[in-house]
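S.K.: Next up is a structure, given as structure tokens.
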Amino acid sequence: MADQAFPIPGSLDATPSHGAALLEWLHSWVVTVDHKKLGILYIVYALFFLLVGGAEALAIRIQLVIPNNHFVSPELYNELFTMHGTTMVFLVGMPILFGFANYLVPLMIGARDMAFPRLNAFGFWMTAFGGLFLYFSFIGGFGLYGMGSAPDVGWFAYVPLTAQAFSPGHNTDYWALALIVSGFGTLGTAINIVATIISMRCRGMTLLRMPLFAWLMLVVSGLTLITITPLTAAQIMLLIDRYLGGHFFDTQAGGSAVVWIHFFWIFGHPEVYVLVLPAFAIANEIIPTFSRKAIFGYPAMVAASVGIAFVSVSVWAHHMFTVGMTSVSNAFFVLSTMMVGIPTGIKIFNWIATMWGGKIRFATPMLFCTAFVFQFLIAGLTGIMLSVAPLDWQLHNSYFVIAHFHYVLVGAIVFCIFAAIYYWYPKATGRVLSEKLGKWHFWLFFIGFHLTFDTMHFVGSLGMPRSIYTYEADRGWSVLNFWISMGGLIQAIAVLSFTWNLIDSYLHGKEAGNDPWDAWTLEWSTPSPPPAYNFAEDPVVRSRRPLWDLKHPQDPDWKYER
Amino acid sequence: MSTIPIFVDENWRLPSRGRVGMFSLIIGESAIFTIFVVAYVYYIGRSTYGPTPQILSIPIFNTICLLSSSLTIWMAEHAIARGRIRIFGAWWALTMTLGIVFLAGTAKEWARLIGHEGLTIQTNLFGTTFYSLVGLHATHVVVGLIMLSLVMLFTLLGRVGQRHAERIQVLSLYWHFVDAVWVVVFTVVYLLGR
Amino acid sequence: MFAQGPQATPSIWAPASTPAHEIYGLSLFVFLITGAIFAVVGGLLAFVIIKFHARESDAGHEPAQIYGSVQVELAWTVIPVLIVVVLFLTTARIIFAIQDAPEPKSALDVIVVGHQFWWEFRYPKLGIVTANELHVPVSTSSNPDPTYLKLLSADVDHSFWVPQLGGKTDLIPNHPNQMWIDPQATGLYLGQCAQFCGMEHAKMLIRVYVDTPRQFDVWAKNQQRPGTQDASVAAGRHIFETEACMSCHTIAGTVAKGTFGPDLTHLMSRATIAAGAAANTPQNLRAWIQDPNVIKPGALMPAMQLSDRQIDEVVAYLSSLH
Chain A
544 MADQAFPIPG SLDATPSHGA ALLEWLHSWV VTVDHKKLGI LYIVYALFFL LVGGAEALAI
604 RIQLVIPNNH FVSPELYNEL FTMHGTTMVF LVGMPILFGF ANYLVPLMIG ARDMAFPRLN
664 AFGFWMTAFG GLFLYFSFIG GFGLYGMGSA PDVGWFAYVP LTAQAFSPGH NTDYWALALI
724 VSGFGTLGTA INIVATIISM RCRGMTLLRM PLFAWLMLVV SGLTLITITP LTAAQIMLLI
784 DRYLGGHFFD TQAGGSAVVW IHFFWIFGHP EVYVLVLPAF AIANEIIPTF SRKAIFGYPA
844 MVAASVGIAF VSVSVWAHHM FTVGMTSVSN AFFVLSTMMV GIPTGIKIFN WIATMWGGKI
904 RFATPMLFCT AFVFQFLIAG LTGIMLSVAP LDWQLHNSYF VIAHFHYVLV GAIVFCIFAA
964 IYYWYPKATG RVLSEKLGKW HFWLFFIGFH LTFDTMHFVG SLGMPRSIYT YEADRGWSVL
1024 NFWISMGGLI QAIAVLSFTW NLIDSYLHGK EAGNDPWDAW TLEWSTPSPP PAYNFAEDPV
1084 VRSRRPLWDL KHPQDPDWKY ER
Chain U
12 MSTIPIFVDE NWRLPSRGRV GMFSLIIGES AIFTIFVVAY VYYIGRSTYG PTPQILSIPI
72 FNTICLLSSS LTIWMAEHAI ARGRIRIFGA WWALTMTLGI VFLAGTAKEW ARLIGHEGLT
132 IQTNLFGTTF YSLVGLHATH VVVGLIMLSL VMLFTLLGRV GQRHAERIQV LSLYWHFVDA
192 VWVVVFTVVY LLGR
Chain H
6 MFAQGPQATP SIWAPASTPA HEIYGLSLFV FLITGAIFAV VGGLLAFVII KFHARESDAG
66 HEPAQIYGSV QVELAWTVIP VLIVVVLFLT TARIIFAIQD APEPKSALDV IVVGHQFWWE
126 FRYPKLGIVT ANELHVPVST SSNPDPTYLK LLSADVDHSF WVPQLGGKTD LIPNHPNQMW
186 IDPQATGLYL GQCAQFCGME HAKMLIRVYV DTPRQFDVWA KNQQRPGTQD ASVAAGRHIF
246 ETEACMSCHT IAGTVAKGTF GPDLTHLMSR ATIAAGAAAN TPQNLRAWIQ DPNVIKPGAL
306 MPAMQLSDRQ IDEVVAYLSS LH
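Chains as they are written, first to last, in this note's numbering: chain A, 544 to 1105; chain U, 12 to 205; chain H, 6 to 327.
Okay, structure coming up:
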């Protein structure tokens, strides 16, 4: 009674106010060096930009739904397709895959965190800043045409179009600077992953007993070290040309526009392997679990992954068959490209062999992974078609190529990302995603994907080039473009239902427990979500599937593994 | 947990993460340098006007300084591994001095090229590729010197001991890398290119 | 879609020239192989999905764990290697056949210069300069008459793609390229620029008229003449030569010798203007001269700031340039 009449000023109230607790919680995310939190930050960041990049794609498809449309101006359209590509590769693909690596690798190898936790945080924030800087370009000024200064030169930014003379505004500069900045972040993360995997595995986990996910992340990170850096070098050269009067790509001074093309694709081709190998990493974990069998041919899968990384640095000029190289050069790159298809194709056989003789449960993660195998098969085959240089002379820079690489980027990589989220969301949040919504998401996305990207192959073979803000009405492309756009709408609805599932299940989802899928790798031995220190005791392992050994003490893996 | 201690590997030793991390950084940096070197080599003789590499004079003294600094830093590594901090400090200071002399020599060379020969990064293709490649290397020397001076500061404050030998070795790897790159740059610019 | 003559849809499946034919034949072979792979692997996948679907009775029993098989893995490595060898050798043969085909003495030489956002065509041996619409003679087996195109660029990268006549080749400044076509049916073939070159990349269209030898002769002779001198449109000609028009455009036989924009000497011999962005009608010409951005925003020709009467007179002049 007394303190109600005479409250003591400045007295401590032990319960923090809601505002203070919220601030404290947000602050913990900003200063965290915990690999799990940083992993989630990367993934949430990437999913946000997935929606942004998807919106850009939708705008593109609305512009192209009918010929000679006026939904967006040519200036804005050129910014949209440039930003769509740049966003999806650098602000969605790379961050989300490094996010998964960040979250899962320490857990899978029995470590408590990454090798360099502060470097980890640095990597994320550099990437985040690079992305925000890139998007600032839309609003950071009037630009040359009142459309802002977002990059509008294609995600490949060929010179001389990007030279000061032909791109006097700041569009190109935002592109180069944002990617240089986020490139340093990527480099830091790659170094971190390599050091973690080599130096922090728990006792008994030899390299050949690591989950394949970890192997592939090791390969990806090593490849990243020599993939992103050529792009950084080329972008520095471009900025020297643009602002210091350099002549690297100045064709009047002896420089060469073709050198840019070489440097860009020396980055660009291995980059697509940096993007796709993590998708394999995900499939290598999910397919065995839902087939109830060990992965078929673990050593071959390791060898194939390493082989792909090595061969992938020798194929870049298959993006340059029309540039005017000699016939011998063209033939060489045909051969190297076809050769890289061999270890890649073999993996498909290994996945099918894993499913063979299994007892396959088609929960949502497995639905996405099965579709991945089917779509990656097709993507690989259209890749073979494009590797045939004369055929590429027709199909290069046409919608056939767009169809091919979206088959890989969406049909393989995004499908695996969805699978990964459905699979590991319970581990990270302690709740399972709704299976019912998951199936809606899958089927809608599958139908929309095929409607769009199957059709796209045809319109490309009918002569429709890429990077065009509109097309002529009398070329016979109108109906096909209409259906491509409709498929885009269906995919958008699917992604919206997925976003809803993510949020709703976080609040009301069923409790997951440690091991909702009855899986076999170390991350399923921790609580969901894992505590900050990951493992109460440092694990000791004896085979590739430590939890299988625990669950089947009469029949452990180490009796059979080669 | 998966602790079935029937067979436990007693000799479970993995490479140090500092070393692996530094090697990875070196691999990435090598890729950047490779691109600049490739551009330099491809563009040899292709300037359509302006000064040619004939105006370069071979920086022998500079090179000797920088390469010796690899030797002196190696001596420093040895000293700290044996706990002889003062000797370590001396060799470390000598390394830094050699690095600074190298940079001073580079500055002198550039002053001559710019002032006397009229060669800048915008003059022609040779100027662009020369200053970019040599400048990129010099930047890495500067970064290395900053790291070395931090260690020097901590040493003078008495906070560096034998327990830091491993870390010093990792940092020295970077310095050795910078020297190795100079061997390549020197060969390409002053021997091949002329 | 599978016709042999020219058609409105520039399809790679309707080849009308030897390079396009070679590519078409190769593509059928490639599709056969990839189709077979798809059938086999896809079939296996479908089989696995159906046959090894978990049943209710399976709960609690794990299937037999099979870790690998060296023989199986060897087999499915060797077979793809063989397929690659076959595909590579077939492909290499076609590469050499198309790229390294020796140029016959009788071939027609055309120099193609890519500009933002139009095509310049020069016939050096005939003394002809024109724009956007390429005329070539038909080539028959009894009378082969290929056209060799030398590809240059005045500014940024472009790419010349007319699917029915052959694959595309890029136009890169300071990096001359070469390609050849030998169209075997007369008519109009369509294509467009296939390397993003800036704002109006989408409207850098190509029209290739394949003429009979006689038609080609008539066309060439007309192109070789200097510009028509029609006294009734002298006012328009005067404006053309005193306003900024002549600093960018050439009209042979007059003082207009600009090369930044297309040669207009025989503008009326073309069906379109602005590299195919609009039909060649007086109304479109008028609109274009008044403000090119209305038809092709981002085109490098500025709005000419002429009065209505001046534009009418210039249009009348240009309409006389047959």
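No residue lacks a Cβ here, since even glycine has one placed at the ideal position from N, Cα and C.
Report the residue from A:Gly596, A:Leu920, A:Ala1035 whose alpha carbon sits nearest the alpha carbon of Val46 (chain H).
M.R.: Translated into positions along the third sequence, residue 46 (chain H) becomes position 41. It is A:Leu920 whose Cα lies nearest to the Cα of Val46 (chain H).
S.K.: Given a limit of 7 Å on CB to CB distance, which residues of the stretch 118-131 of chain U reach chain A?
M.R.: If the cut-off is 7 Å between Cβ atoms, the stretch 118-131 of chain U has nothing near chain A.
S.K.: So for Ala284 (chain H), helix, strand or coil by DSSP?
M.R.: On the third sequence, residue 284 (chain H) is found 279 positions in, with the first residue counted as 1. Note: Ala284 (chain H) maps to strand in three-state DSSP.
S.K.: Look at the Cβ atom of Gln228 (chain H), then the Cβ atom of His271 (chain H), and state whether they are nearer than 8 Å.
M.R.: The residue you call residue 228 (chain H) lines up with position 223 of the third sequence. The residue you call residue 271 (chain H) lines up with position 266 of the third sequence. A contact, by the Cβ cut-off of 8 Å.
S.K.: Does the beta carbon of Ile734 (chain A) sit closer than 8 Å to a beta carbon anywhere in chain U?
M.R.: For the purposes of this step, residue 734 (chain A) is taken as residue 191 along the first sequence, with counting starting at 1. Interface residue, yes.
S.K.: To the nearest angstrom, report how far apart Ala1075 (chain A) and Met651 (chain A) are at their CA atoms.
M.R.: Residue numbering aside, residue 1075 (chain A) sits at position 532 when the first sequence is read from its first letter. Residue numbering aside, residue 651 (chain A) sits at position 108 when the first sequence is read from its first letter. Their Cα atoms are separated by approximately 15 Å.
S.K.: If you run the structure through DSSP and keep just helix, strand and coil, what is Glu203 (chain U)?
M.R.: In the second sequence, residue 203 (chain U) corresponds to position 192, counting from 1. The sequence given here places Leu at residue 203 (chain U); Glu does not occur at that position. Reduced to three states, the DSSP call for Leu203 (chain U) is helix.
S.K.: To the nearest angstrom, how far is the alpha carbon of Lys301 (chain H) from that of Asn611 (chain A)?
M.R.: Residue 301 (chain H) sits at position 296 when you count from the first residue of the third sequence. Residue 611 (chain A) sits at position 68 when you count from the first residue of the first sequence. For Lys301 (chain H) and Asn611 (chain A), the distance between alpha carbons rounds to 12 Å.
S.K.: Rounded to the nearest angstrom, what separates Leu687 (chain A) and Trp698 (chain A) at their Cα positions?
M.R.: As a working mapping, residue 687 (chain A) is identified with position 144 in the first sequence. As a working mapping, residue 698 (chain A) is identified with position 155 in the first sequence. Taking the straight line from one Cα to the other gives about 19 Å.
S.K.: Let me see if you follow: with CB-CB separation under 8 Å, is Leu755 (chain A) close to chain U or not?
M.R.: The residue given as residue 755 (chain A) occupies position 212 in the first sequence. No, its Cβ sits nowhere closer than 8 Å to a Cβ of chain U.
S.K.: Which residues does DSSP pair with Thr114 (chain H) in a beta bridge?
M.R.: Counted from its first residue, the third sequence places residue 114 (chain H) at position 109. Per the sequence shown, residue 114 (chain H) should be read as Asp rather than Thr. According to DSSP, Asp114 (chain H) bridges with H:Tyr153.
S.K.: Determine the direct distance from the alpha carbon of Pro754 (chain A) to that of Met12 (chain U), and round the result to whole angstroms.
M.R.: Taking the second sequence and counting its residues from 1, the one referred to as residue 12 (chain U) is at position 1. Taking the first sequence and counting its residues from 1, the one referred to as residue 754 (chain A) is at position 211. Any reading at Met12 (chain U) must be qualified, since the residue scores a pLDDT of 42, below 50, and its modelled position is unreliable; no value is offered.
S.K.: Should Ile1011 (chain A) and Ala207 (chain H) be called a contact, given that it needs their Cβ atoms to be closer than 8 Å?
M.R.: Here residue 1011 (chain A) corresponds to residue number 468 of the first sequence, with the count starting at 1. Here residue 207 (chain H) corresponds to residue number 202 of the third sequence, with the count starting at 1. It is a contact, given that the beta carbons lie within the stated cut-off.
S.K.: Distance check for Pro149 (chain H) and Tyr329 (chain H), CA to CA, integer angstroms please.
M.R.: Limits of chain H in this structure are 6 at one end and 327 at the other, which puts residue 329 (chain H) out of reach.
S.K.: Less than 7 Å separating the Cβ of Val52 (chain U) from some heavy atom of the ligand GTP?
M.R.: Judged by which ligands are present, the structure shown has none, so any question about the ligand GTP falls away.
S.K.: Any C-beta of chain B sitting closer than 8 Å to the C-beta of Met1007 (chain A)?
M.R.: Of the chains in the structure shown, none is chain B; the protein chains are A, U and H.
S.K.: May I have the straight-line CA-CA distance separating Ala51 (chain H) from Lys110 (chain H), to the nearest angstrom?
M.R.: Locating residue 51 (chain H) in the third sequence gives position 46, where the first residue counts as 1. Locating residue 110 (chain H) in the third sequence gives position 105, where the first residue counts as 1. In a straight line, the C-alpha of Ala51 (chain H) is about 57 Å away from that of Lys110 (chain H).
S.K.: Would you kindly work out how many angstroms separate the C-alpha atoms of Pro287 (chain H) and Ser324 (chain H), rounded to a whole number?
M.R.: Taking the first residue of the third sequence as position 1, residue 287 (chain H) is located at position 282. Taking the first residue of the third sequence as position 1, residue 324 (chain H) is located at position 319. The straight-line gap from Cα to Cα measures roughly 7 Å.
S.K.: Which word fits Ser62 (chain H), buried or exposed, when buried means at least 16 other C-beta atoms lie within 10 angstroms of its C-beta?
M.R.: On the third sequence, position 57 is the one that residue 62 (chain H) refers to. Exposed, since its Cβ has fewer than 16 Cβ neighbours within 10 Å.
S.K.: Less than 8 Å between the beta carbons of Val801 (chain A) and His180 (chain H), yes or no?
M.R.: Along the first sequence, one-based indexing puts residue 801 (chain A) at 258. Along the third sequence, one-based indexing puts residue 180 (chain H) at 175. Taking 8 Å as the Cβ cut-off, Val801 (chain A) and His180 (chain H) qualify as a contacting pair.
S.K.: Taking the alpha carbon of Leu210 (chain H) as the reference point, which residue from A:Val595, A:Asp1017, A:Ala837 has its own alpha carbon closest?
M.R.: By 1-based counting over the third sequence, the position of residue 210 (chain H) is 205. When only C-alpha atoms are compared, the closest one is A:Asp1017.
S.K.: For Glu1054 (chain A), is the classification buried or exposed, using 16 other Cβ atoms within 10 angstroms of its Cβ as the cut-off for buried?
M.R.: For the purposes of this step, residue 1054 (chain A) is taken as residue 511 along the first sequence, with counting starting at 1. Under this definition Glu1054 (chain A) is an exposed residue.
S.K.: Give me the chain A residues within the contact set of Trp23 (chain U), using Cβ-Cβ distance strictly less than 8 Å, ordered along the chain.
M.R.: Taking the first residue of the second sequence as position 1, residue 23 (chain U) is located at position 12. Going along chain A in sequence order, the residues near Trp23 (chain U) (Cβ under 8 Å) are Arg746, Gly747.
S.K.: What is the DSSP secondary structure of His58 (chain H), reduced to helix, strand or coil?
M.R.: The residue given as residue 58 (chain H) occupies position 53 in the third sequence. Correct three-state label for His58 (chain H): strand.
S.K.: For my contact list, Glu78 (chain H) and Gly840 (chain A) are in at a C-beta cut-off of 8 Å; report their separation, rounded to the angstrom.
M.R.: As a position in the third sequence, residue 78 (chain H) is number 73, starting the count at 1. As a position in the first sequence, residue 840 (chain A) is number 297, starting the count at 1. Indeed they touch by this definition, with Cβ atoms about 5 Å apart.
S.K.: Measuring only the C-alpha atoms, how far is Trp899 (chain A) from Ser16 (chain H)?
M.R.: The sequence position of residue 899 (chain A) within the first sequence is 356, counting from 1. The sequence position of residue 16 (chain H) within the third sequence is 11, counting from 1. One C-alpha to the other measures close to 42 Å.
S.K.: As an exercise, report each continuous alpha helix (DSSP H) stretch of at least 4 residues that is fully enclosed by the stretch 743-815 of chain A, in chain order.
M.R.: As far as the stretch 743-815 of chain A is concerned, its whole alpha helix (DSSP H) runs of at least 4 residues are 755-786.
S.K.: Under 8 Å, with one C-beta from each stretch per pair, do the stretch 672-679 of chain A and the stretch 714-722 of chain A reach the 3-pair mark?
M.R.: They touch, by the three-pair rule.
S.K.: In the structure shown, what three-state DSSP assignment does Thr174 (chain H) receive?
M.R.: Taking the first residue of the third sequence as position 1, residue 174 (chain H) is located at position 169. Three-state DSSP puts Thr174 (chain H) in a strand.
S.K.: To test your reading of the DSSP string, which unbroken alpha helix (DSSP H) runs of 4 or more residues are found completely within the stretch 131-182 of chain U?
M.R.: Listed in chain order, they are 136-167.
S.K.: At the 8 Å Cβ level, is Gln778 (chain A) part of the contact set with chain H, yes or no?
M.R.: Within the first sequence, residue 778 (chain A) is the residue found at index 235, counting from 1. Not closer than 8 Å to any Cβ of chain H, the Cβ of Gln778 (chain A) fails to qualify, so no.
S.K.: Output needed in chain order: residues of the stretch 276-305 of chain H with a Cβ under 7 Å from some Cβ in chain A.
M.R.: If the cut-off is 7 Å between Cβ atoms, the stretch 276-305 of chain H has Pro302, Gly303 near chain A.
S.K.: For Ile84 (chain H), which option in A:Phe892, A:Val1084, A:His713 has the closest C-alpha, if you only look at C-alpha atoms?
M.R.: One-based indexing of the third sequence puts residue 84 (chain H) at position 79. Ranking the options by Cα distance to Ile84 (chain H), first place goes to A:Phe892.
S.K.: Give the residues from the stretch 758-777 of chain A that approach chain U closer than 7 Å (Cβ to any Cβ), ordered along the chain.
M.R.: Correct list: Leu768, Ile769, Thr772, Pro773, Thr775, Ala776, Ala777.
S.K.: Jot down the residue ranges of each uninterrupted alpha helix (DSSP H) in the stretch 69-145 of chain H, minimum 4 residues, whole runs only, in chain order.
M.R.: Segments of the alpha helix (DSSP H) lying fully in the stretch 69-145 of chain H: 75-104.
S.K.: Quick one: Cα of Gly177 (chain H) to Cα of Gly303 (chain H), how far?
M.R.: Residue 177 (chain H) sits at position 172 when you count from the first residue of the third sequence. Residue 303 (chain H) sits at position 298 when you count from the first residue of the third sequence. What sits at residue 177 (chain H) in the sequence shown is Ile, not Gly. For Ile177 (chain H) and Gly303 (chain H), the distance between alpha carbons rounds to 21 Å.
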